[in-house]
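All remarks here apply to the structure that follows.
Numbering (our numbering), first residue to last: 4 to 289.
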């Protein structure tokens with residue numbers, strides 16, 4: 004199918020989150036600017052849609068602020084409307100809005116952290132997932148997600164992984180339960196690719212990856228996920244599924260409790276070298 008034959012149903016795109024006030028404002032502004040620019044050059048919506056290769060209905064929705072435009076849409080619009088890069092420049096703001104509000108908030112904290120410690124139980128942490136693994140997890144809830152929502156969720160999760168590219172690099176520590184590494188999410192091929200990715204990440208000089216053996220007995224992480232993030236100004240924020248109602252906290256006493264729990268978990272887990280050997284062992288299984 005060529006671009007010229009694309010319609011609304013063929014364009015994944017993203018719907019605007021009705022609870023995201025900032026996102027709504029950004030997309031409304033982008034849509035308004037697109038419409039003003041189109042009208043300034045005297046081009047009708049139908050002609051513009053044909054010129055950029057998208058459906059007329061999609062053009063109206065984007066201009067009305069009801070749909071988030073994809074990066075390539077903005078690039079084509081910039082060229083057709085002879086905007087000299089002004090429309091393409093909007094991609095930076097749209098890039099942020101395309102992710103759900105909660106994910107943006109989490110990614111914002113991760114982007115500022117200089118040190119992060121995470122324990123995860125039944126699943127592999129989002130920052131460690133491959134796109135294929137993430138998609139398989141989203142597909143488990145296939146009745147709850149449309150294809151567009153599924154793509155948006157995977158893209159948002161992968162977008163957070165920019166933390167590995169920061170300079171200076173933050174200090175990252177992960178403790179994963181053995182059961183999460185053994186579960187063949189997405190089938191054997193996707194599972195092996197995920198293990199190979201974990202092996203690669205574990206080799207980064209700023210990353211420590213440890214495995215908690217299933218036979219290690221009880222430990223402070225059995226109540227759920229634990230996260231502790233520290234920032235350059237000396238402040239920190241933490242969260243635990245099994246403490247403080249699962250809400251993020253910056254209270255020094257509560258943070259100290261979470262740090263002690265995480266330290267205990269790390270002490271009970273396999274060492275980084277033993278954990279890497281364990282991953283190699285799993286890769287050797289059929």
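All residues carry an ideal CB built from backbone N, CA and C; glycine is no exception.
Contact between the region 199 to 215 and the region 174 to 183 is present, with at least three C-beta pairs closer than 8 Å.
Within the same chain, and ignoring the five residues on either side of residue 63 in sequence, the residues whose Cβ sits closer than 7 Å to its Cβ are 48.
Residue 265 and residue 255 have their alpha carbons spaced roughly 15 Å apart.
Residue range 134 to 142 is occupied by the alpha helix (DSSP H) that includes residue 139.
Around the beta carbon of residue 270, a 10 Å sphere encloses fewer than 16 other beta carbons of the protein chains shown; the residue is thus reported as exposed. With contacts defined by Cβ atoms closer than 8 Å, residue 227 and residue 129 do not form a contacting pair.
For the 8 Å CB-CB criterion, residue 55 and residue 92 do not form a contact. Excluding sequence positions up to five before and after residue 88, its CB lies within less than 8 Å of the CB of 81, all in the same chain and listed in chain order. Between residue 74 and the set 53, 67, 99, the nearest pair of CA atoms involves 99. Taking residue 245 as the centre and dropping the five residues before and after it, the same chain places the C-beta of 226, 227 closer than 6 Å to its C-beta, in chain order.
The beta carbon of residue 138 sits closer than 8 Å to those of 153, 157, 189, all from its chain and outside the five residues before and after it, given in chain order. The C-beta separation of residue 184 from residue 285 comes to about 6 Å, placing the pair in contact by the 8 Å criterion.
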